[in-house]
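Residue numbers (this note's numbering), protein chains in the order written: chain A, 26 to 253; chain B, 26 to 253.
Since the structure comes first, as structure tokens, the remarks are kept for the end.
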């Protein structure tokens, strides 16, 4: 199909498609004339993935490009793709030529947040095999530090039941990604599951919270629709 | 303590403390002289809560103010506090004088996203008691629509196992909030659990994902540290 048809099918304007082509985020079409190219279903699909990452998930063009490069370059190694998606390994050092680089002192740049030691205790208690550079450990540390500042009695031990449920979610995630599909489809699916399901997980928790709140705390207003 | 001491204890600059006082986000101190006031531990605590919501969670000052007002005004009704935190009921119409307003046609303003019907199917299947205005249903619908656009075979039924784990997380949340503490502390804790634990839940999933990815997909590079 021509670029105009590709635009019509995906709702992405032609100048933006050309931008993605220039950036290498979209593979070139098959040249049919001196300045014409033919695009296929793989281009429709790739454009939808780009728009999902940018519009639905709010990723930057740069982050999206990095993830797309990972899908293409590392499609035979889901663990590498995953590492880039999780921010554990920067895309630049994740190339097979530099296998030693990723773990090199990732904490040197940023100061350790106050709760990081507790986050590492939780990780150890769960028996999780996590590299020191995983930014999620820092996030967890920040939350634990904030809970402490607020005088909350929720500490890293209090988060263990949450960690067990998160472990169950990650089990589902990994099971979604396995299968006998082709490698590119698997790598893309790893990205979809990891990135696109994040807002879904939070939304499901919020929906369940409203329901449980109605049943546990909704007894104050007998006229309210949610009182049981 | 004087405002300077309050600033020292919390790390919040005096002009910003005065701004929070003017906005009513921080209750006034006890007047000791014509232009002096005495602040207590409750002010230290409230300032830490404000900074956590704004700095750690990235909420706007307006959203933070709304939540703080909910804590103060609705502290005897955790379900109301929760509704405001979840965005189900806007704070303005959540006042007890207007009990009918909250459910009034919440979808009129925004168009229904493509996946919303599927999101409602999932909610019904889970037996969740959720108001039509809960924005999390829209978020879930957007994710389901994006999955469909990408040709993913994950549909609302595929998210049911996730929903069951999210239900377990919400169970933990509600259990954290119950107890015989005073009402203000309970209301504040509802906010902390609902808002501050969101990044923790995502971080725990990402940590578990890296660990599971290492064990399931990490066999490609025998020299990598995470290969089992």
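Note that the Cβ used here is the ideal one computed from N, Cα and C, for glycine as well.
Is there a C-beta anywhere in chain B that falls below 9 Å from the one on residue i?
i, result
"residue 64 (chain A)", "no"
"residue 164 (chain A)", "yes"
"residue 222 (chain A)", "yes"
"residue 156 (chain A)", "yes"
"residue 47 (chain A)", "no"
"residue 86 (chain A)", "no"
"residue 25 (chain A)", "This structure does not reach residue 25 (chain A), given that chain A is present from 26 up to 253, and the question cannot be answered."
"residue 117 (chain A)", "Confidence at residue 117 (chain A) is low in this model, with a pLDDT of 47, below 50, so its placement is unreliable and no value can be given for it."
"residue 214 (chain A)", "yes"
"residue 167 (chain A)", "yes"
"residue 83 (chain A)", "no"
Is the Cβ of residue i closer than 9 Å to any Cβ of chain A?
i, result
"residue 38 (chain B)", "no"
"residue 238 (chain B)", "yes"
"residue 104 (chain B)", "yes"
"residue 26 (chain B)", "no"
"residue 203 (chain B)", "yes"
"residue 96 (chain B)", "no"
"residue 143 (chain B)", "no"
"residue 33 (chain B)", "no"
"residue 194 (chain B)", "yes"
"residue 60 (chain B)", "no"
"residue 231 (chain B)", "yes"
"residue 250 (chain B)", "For residue 250 (chain B), the predicted structure reports a pLDDT of 47, less than 50, and the residue's modelled location is therefore unreliable. A value from the coordinates is still provided. True, the Cβ-Cβ gap to chain A drops below 9 Å."
"residue 227 (chain B)", "yes"
"residue 52 (chain B)", "no"
"residue 217 (chain B)", "yes"
"residue 55 (chain B)", "no"
"residue 207 (chain B)", "no"
"residue 109 (chain B)", "no"
Looking at the strands, I want to know which residues DSSP matches up with residue i.
i, result
"residue 55 (chain A)", "A:63"
So, is residue i buried or exposed, given that buried needs 16 or more other C-beta atoms within 10 angstroms?
i, result
"residue 30 (chain A)", "exposed"
"residue 36 (chain A)", "exposed"
"residue 102 (chain B)", "buried"
"residue 39 (chain B)", "exposed"
"residue 43 (chain B)", "exposed"
"residue 234 (chain B)", "buried"
"residue 164 (chain B)", "buried"
"residue 99 (chain A)", "buried"
"residue 65 (chain A)", "exposed"
"residue 59 (chain A)", "exposed"
"residue 237 (chain A)", "buried"
"residue 32 (chain A)", "buried"
"residue 243 (chain A)", "buried"
"residue 61 (chain A)", "exposed"
"residue 219 (chain B)", "buried"
"residue 87 (chain A)", "exposed"
"residue 224 (chain A)", "buried"
"residue 47 (chain A)", "exposed"
"residue 91 (chain A)", "buried"
"residue 156 (chain A)", "buried"
Quick check on DSSP: helix, strand or coil for residue i?
i, result
"residue 99 (chain A)", "coil"
"residue 85 (chain B)", "coil"
"residue 48 (chain B)", "coil"
"residue 179 (chain B)", "coil"
"residue 27 (chain A)", "coil"
"residue 32 (chain A)", "helix"
"residue 106 (chain A)", "helix"
"residue 195 (chain A)", "helix"
"residue 40 (chain B)", "helix"
"residue 152 (chain B)", "coil"
"residue 139 (chain A)", "coil"
"residue 166 (chain A)", "helix"
"residue 189 (chain A)", "helix"
"residue 146 (chain A)", "helix"
"residue 158 (chain B)", "coil"
"residue 173 (chain B)", "helix"
"residue 69 (chain A)", "helix"
"residue 92 (chain B)", "helix"
"residue 184 (chain A)", "coil"
"residue 111 (chain A)", "coil"
Could you tell me which chain C residues have their CB closer than 7 Å to the CB of residue i, listed as they occur along the chain?
i, result
"residue 41 (chain B)", "Absence of chain C from the displayed structure is noted, the protein chains being A and B."
For the stretch 199-242 of chain B, which segments carrying the alpha helix (DSSP H) assignment without a break, of at least 4 residues, lie completely within its bounds, in sequence order? 208-216 and 222-242
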